[in-house]
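A short worksheet on the structure shown next.
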Amino acid sequence: MALNRKIAYIDLTKGEVETKPIPIEIRKNWIGGRGLDAYLLYNHTKGGIDPLSPNNVAIISAGLLVGTLASASARTHVMGKSPLTGGVGSANMGGFFAPELRWAGFDHLVIKGKAKDPVYIWVNNGEIEIRDAKNVWGAGIYDTQDIIRKELRDEEVQCLCIGPGGERLVRFANVMTGHKNSGGRSGMGTILGSKNLKAVAARGTMDIEIAHPEEALEYNRKVIDQVISTKVSQIMQRWGTMFIYGVTNTTGLVRTRNFQLNQLVGGDDIECENIDKVSIGFDGCFGCQVHCRHRYIIKEGPYAGTYTQGPEYTSQGAFGAEVGCNNMNTILVANHLVNDYGLDTLEIGSMMAWAFELYEKGILTDKDTDGLKLTWGNDEAVIELVHRIARREGIGDILAEGPLRAAERIAKGSEKYLIHVKGMSNLHSDERPSPSLALGIATGTRGSDHLRSRPAIDLYNLPMEVLDRVYRQPDGYDGPLTNDYTKYEGKPRIVFWQEMNYMAVDCTGICKYHTVFLSPNHLTFPEFAKLIYLNIGLEFTPLEIWNVANRAYTMERLFNIREGFTRDDDWLVDRYFDEKTRAGLPVVRGKSLDRKKFKGMLDEYYRLHEWDENGVPTPEFLKKMGINKEPSHQL
Amino acid sequence: MEKMLIVDHEKCTGCRLCELVCSVKHTRVSNPSKSRVSVMKWDMEGFYLPMVCQHCQDAPCMAVCPKDAICRDEELNRVMVDYDLCIGCRMCMTACPFGAMGYDPKEKKIFKCDLCDGEPYCVSFCDMKAIDYVEASSASFKRKREAGSRFSELMRKYAG
Chain A
1 MALNRKIAYI DLTKGEVETK PIPIEIRKNW IGGRGLDAYL LYNHTKGGID
51 PLSPNNVAII SAGLLVGTLA SASARTHVMG KSPLTGGVGS ANMGGFFAPE
101 LRWAGFDHLV IKGKAKDPVY IWVNNGEIEI RDAKNVWGAG IYDTQDIIRK
151 ELRDEEVQCL CIGPGGERLV RFANVMTGHK NSGGRSGMGT ILGSKNLKAV
201 AARGTMDIEI AHPEEALEYN RKVIDQVIST KVSQIMQRWG TMFIYGVTNT
251 TGLVRTRNFQ LNQLVGGDDI ECENIDKVSI GFDGCFGCQV HCRHRYIIKE
301 GPYAGTYTQG PEYTSQGAFG AEVGCNNMNT ILVANHLVND YGLDTLEIGS
351 MMAWAFELYE KGILTDKDTD GLKLTWGNDE AVIELVHRIA RREGIGDILA
401 EGPLRAAERI AKGSEKYLIH VKGMSNLHSD ERPSPSLALG IATGTRGSDH
451 LRSRPAIDLY NLPMEVLDRV YRQPDGYDGP LTNDYTKYEG KPRIVFWQEM
501 NYMAVDCTGI CKYHTVFLSP NHLTFPEFAK LIYLNIGLEF TPLEIWNVAN
551 RAYTMERLFN IREGFTRDDD WLVDRYFDEK TRAGLPVVRG KSLDRKKFKG
601 MLDEYYRLHE WDENGVPTPE FLKKMGINKE PSHQL
Chain B
636 MEKMLIVDHE KCTGCRLCEL VCSVKHTRVS NPSKSRVSVM KWDMEGFYLP
686 MVCQHCQDAP CMAVCPKDAI CRDEELNRVM VDYDLCIGCR MCMTACPFGA
736 MGYDPKEKKI FKCDLCDGEP YCVSFCDMKA IDYVEASSAS FKRKREAGSR
786 FSELMRKYAG
């Protein structure tokens with residue numbers, strides 16, 4: 001059964017592997033995936049360690065529902081102390097690695113120490129072996145996976161790996177699997193690089209017993225119908241996340257030219273419809289009927305003939321609006337390059353946009369860039385800068401350090417042009433008109449981010465009865481809610497609720513596009529409870545799952561507090577408050593955030609979390625959650 | 636009315652849900668190595684092809700079986716295994732040109748697609764219908780129309 005999947009502790013310094021079962025009480029408290037990873041991170045690291053030292057851990061996991069009939073149960077989670085922020089490092093990706101890890105017998109790998117020479121880990125039907133990776137060190141992520149499959153003589157092997165970006169310790173390097181599945185944020189690939197760990201390869205043919213197979217099959221059919229019946233899923237099936245750009249850019253919610261505008265005027269070449277010119281079909285993660293990305297072949301320029309997948313909405317911003325470019329081919333090429341180098345598309349886009357603005361302001365000059373003209377809309381400069389960052393050449397070496405370290409090196413007041421929270425850059429979204437989204441990026445445990453608490457449906461101005469149905473359950477919240485996304489009232493609740501929802505999703509290992517993220521009619525706590533019961537056989541009430549999420553989210557908070565984060569870090573850069581939006585629809589034009597009201601939201605958010613006014617969980621709350629004696633070293 | 640499984644590789648997204656539902660339906664476990672259908676992938680080129688028993692008319696598995704344990708079920712036009720007669724020699728695995736005959740080391744038995752007795756789960760769960768169960772006599776018309784639609788617009792524009 002799924003509950004017999006094990007945890008393995010792999011010490012790369014000593015070359016030792018230890019495996020243990022995961023006790024049922026642990027499952028009840030943490031479920032698995034990101035939830036249990038948060039516990040393991042707090043328990044297996046000491047405060048104040050250097051994230052790039054052997055003392056850090058790389059925790060790789062598959063959620064509790066991965067590989068089961070749970071609709072897109074594909075997600076891998078990776079955790080460690082972030083080399084970018086120094087706080088919680090956490091990244092999540094789709095593809096086929098996580099199910100393969102489970103068929104190979106494992107749910108969690110806790111990787112410690114540092115290998116003397118490059119290695120990869122081979123997980124095969126309950127066995128773990130540390131193997132020489134000299135053959136693949138230096139290779140891009142496509143070749144790495146291909147070479148490892150050939151070496152192991154099994155084309156069905158699934159690999160998680162890093163590219164040259166992670167090897168060179170670019171602080172926002174990914175872990176990747178397949179062509180485009182990226183554990184993208186907070187530098188998880190950098191941790192693997194620091195450990196001389198190139199990849200983890202998995203292959204398994206071990207049964208995952210389904211607790212109630214007939215009912216699980218029937219319910220899976222229902223769940224798929226529920227998900228693909230919504231308009232947003234049907235649009236995603238056709239265009240992937242690229243469709244979002246058309247909506248947000250028209251509205252005026254796209255960070256353009258770093259933070260100078262909130263709309264890319266005339267940005268029609270990078271609209272999703274143009275993907276049809278290069279697409280050769282859709283691609284789905286394990287078990288997913290939303291198949292939200294295209295397979296494509298680049299047709300123009302020096303990279304013509306290259307096959308890869310994507311691009312996502314994120315890349316339209318990173319290599320489009322943020323740097324003032326309106327060229328689909330640039331996005332297709334840059335997406336391919338960052339995938340193959342193994343870099344976070346979002347972070348690199350933000351770093352480049354920042355550098356472009358510094359160049360405009362004269363803070364960076366041709367001397368600093370070795371003659372590269374970082375002018376808005378300069379497509380060649382965008383592609384060249386991707387190479388330089390990945391190879392750590394010239395200005396690229398500075399930008400590879402991530403926002404705060406790069407600003408420290410460049411100095412000259414460059415820091416005030418950064419768009420980041422806790423040292424991690426923001427998506428290309430402009431949250432000035434939407435306080436709920438702004439609060440979400442300010443408070444996220446891994447830094448500025450749209451996948452830890454974003455209440456995207458707030459932008460839909462939904463009827464109140466829909467919001468009541470979604471946001472008052474499962475704990476019976478009876479405070480305010482509002483369905484106008486420009487308002488501040490009631491927003492802390494929906495950020496808190498989304499945090500719990502996404503944490504629950506990340507514990508189970510299903511995809512956020514199947515939950516209440518882009519649609520209010522997708523899965524949430526009651527459906528998670530039923531899926532866990534039918535597939536795994538464990539009984540949880542929706543409220544119990546909420547409590548697991550709350551416990552795990554608080555654990556991440558405790559980690560950040562231990563690493564020195566305070567209330568001041570749950571805040572946005574001044575430009576959000578001081579500069580008004582200048583473009584878009586009338587409802588979003590002329591908007592900036594109000595400091596006093598924002599502070600009020602933050603206070604309310606802490607109160608809902610049962611944290612004190614400084615954002616520190618109260619002793620009573622920790623006791624209630626059963627985590628008042630951490631680290632407890634139970635696993 | 637005779638029906639048949641038909642695969643369209645262009646529609647396949649490579650998600651492997653067919654493998655998951657097939658293995659759970661037939662063995663109550665999630666395990667692609669026990670699935671009757673397998674999506675073969677060439678990841679470096681992005682080419683995906685679901686492989687499944689073709690229920691051949693002149694089936695090599697049937698021809699080589701020394702115990703006549705493999706026979707044709709005319710009602711559903713499928714090739715079936717009679718486990719009372721099967722001796723587990725696995726010659727059928729050697730003979731099948733599509734790799735459609737699987738082997739379960741735990742049960743010590745060969746296995747193959749049985750069309751889920753006329754309602755294939757792989758088909759009902761595949762939203763893209765990359766694998767479909769259609770009336771055999773008109774199966775090719777669907778493909779003809781889909782293939783033709785790529786040309787029809789250009790034909791009408793330039794040759795019409």
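Protein chains in written order, with our numbering: chain A, 1 to 635; chain B, 636 to 795.
C-beta atoms are modelled at their ideal positions from N, C-alpha and C, and glycine is treated no differently.
On a predicted model such as this, the values are computed, not experimentally measured, just so you know.
Is the shortest distance between the beta-carbon of residue i and the beta-carbons of chain B less than 8 Å?
i               : result
E218 of chain A : no
E209 of chain A : yes
Y313 of chain A : no
G15 of chain A  : no
G163 of chain A : no
F106 of chain A : no
Y513 of chain A : no
H522 of chain A : no
Y142 of chain A : yes
T205 of chain A : yes
I280 of chain A : yes
R295 of chain A : yes
H291 of chain A : yes
G178 of chain A : yes
D146 of chain A : yes
Run down chain A in chain order and give the residues with a C-beta less than 8 Å from the C-beta of residue i.
i               : result
G656 of chain B : It should be noted that the sequence gives Val, not Gly, for residue 656 of chain B. Simply L69, L217, N220.
V659 of chain B : L69, I210, P213, A216, L217
Go through its chain and collect everything with a Cβ distance to residue i's Cβ below 8 Å, but skip five positions before and after it.
i               : result
I722 of chain B : P701, K702, A704
I395 of chain A : A355, L364, D368, T369, D370, L372, L385, R388
K623 of chain A : none
N326 of chain A : L264, G266, G267, D268, D269, I270, G320, G377
Anything in chain B within Cβ reach of residue i, meaning under 7 Å, just list it in chain order.
i               : result
W103 of chain A : N666
Counting only beta-carbon separations shorter than 8 Å, does residue i have a partner in chain A?
i               : result
E645 of chain B : yes
F760 of chain B : yes
T663 of chain B : Before going further, note that residue 663 of chain B is Arg rather than Thr in the sequence given. Yes, R663 of chain B counts as interfacial toward chain A.
Could you name the residues of the same chain whose beta carbon sits closer than 6 Å to that of residue i, not counting the 5 residues immediately before and after it, in chain order?
i               : result
A216 of chain A : L69, I210, L534, N535
E539 of chain A : Y533
V642 of chain B : P685, I766
I363 of chain A : K412, S414
K713 of chain B : The displayed chain sequence assigns Arg, not Lys, to residue 713 of chain B. Within the same chain, R713 of chain B has close Cβ partners H690, L750.
N521 of chain A : T230
Near residue i, which residues of its chain fall below 7 Å by C-beta distance, leaving aside the five closest residues on each side in sequence?
i               : result
G105 of chain A : R5, K6, N125, G126, G204, M206
N560 of chain A : G87, V88, T445
H336 of chain A : I298, Y303, T306, T308
D739 of chain B : K669, F746
S658 of chain B : V664, S665, N666, P667, K669, S670
L462 of chain A : N483, P520
Since residue i meets chain B, which of its residues come closer than 9 Å, beta carbon to beta carbon?
i               : result
Y641 of chain A : Only positions 1 to 635 of chain A appear in this structure, which leaves residue 641 of chain A out of reach.
T76 of chain A  : Chain B residues near T76 of chain A: none, gap ~16 Å exceeds 9 Å.
D283 of chain A : T648, G649, C650, G681, Y683
Return the Cβ separation of residue i and residue j in integer angstroms, given the expectation that the two are a contact with Cβ distance under 8 Å.
i               : j               : result
M500 of chain A : G35 of chain A  : The pair is not a contact, with the Cβ atoms about 11 Å apart (cut-off 8 Å).
R75 of chain A  : G509 of chain A : 4 Å
R589 of chain A : D344 of chain A : The Cβ separation is near 31 Å, so there is no contact.
P455 of chain A : S436 of chain A : 5 Å
G301 of chain A : N329 of chain A : 6 Å
V573 of chain A : H420 of chain A : 7 Å
Whose Cβ in chain B lies nearer than 8 Å to the Cβ of residue i?
i               : result
Y287 of chain A : Note that residue 287 of chain A is Gly in the sequence shown, not Tyr. Chain B residues near G287 of chain A: C650, R651, L652, L655.
Return yes when the C-beta of residue i is under 7 Å from any heavy atom of the ligand FMN, and no when it is not.
i               : result
T250 of chain A : Annotation note on the ligand FMN: not contained in the displayed structure, which lists no ligands.
What runs of the beta strand (DSSP E), each 3 residues or longer, lie entirely inside the segment 658–707 of chain B? If we require 3 residues or more, the beta strand (DSSP E) runs fully inside the segment 658–707 of chain B come out as 673–677, 682–686.
Kindly provide the ranges of any beta strand (DSSP E) runs that are 3 or more residues long and lie completely inside the segment 70–109 of chain A, ordered along the chain. Taken in chain order, the unbroken stretches of beta strand (DSSP E) that lie wholly in the segment 70–109 of chain A and span 3 residues or more are 76–81, 88–93.
At 4 residues or longer, and completely inside the segment 527–608 of chain A: list those alpha helix (DSSP H) runs for me, N to C. Entirely contained in the segment 527–608 of chain A, the alpha helix (DSSP H) runs reaching 4 residues are, in chain order, 542–562, 575–578.
Sequence ranges, beta strand (DSSP E) only - wholly within the segment 175–244 of chain A, length at least 3: Secondary structure in the segment 175–244 of chain A: the beta strand (DSSP E) runs of 3 residues or longer, each lying completely within the stretch, are 175–177, 181–183, 197–203 in chain order.
Between the segment 226–237 of chain A and chain D, which residues of the former have CB atoms less than 9 Å from a CB of the latter, in chain order? The question asks about chain D, but that chain is absent: this structure's protein chains are A and B.
Length at least 4, wholly inside the segment 275–319 of chain A: the alpha helix (DSSP H) runs in chain order: Qualifying alpha helix (DSSP H) stretches, in chain order: 313–318.
Uninterrupted beta strand (DSSP E) stretches inside the segment 335–408 of chain A (no shorter than 3 residues): Counting whole runs of 3 or more residues, the segment 335–408 of chain A contains no beta strand (DSSP E) stretch at all.
In chain order, which continuous runs of the beta strand (DSSP E) of length 3 or greater are located wholly inside the segment 14–60 of chain A? As far as the segment 14–60 of chain A is concerned, its whole beta strand (DSSP E) runs of at least 3 residues are 16–21.
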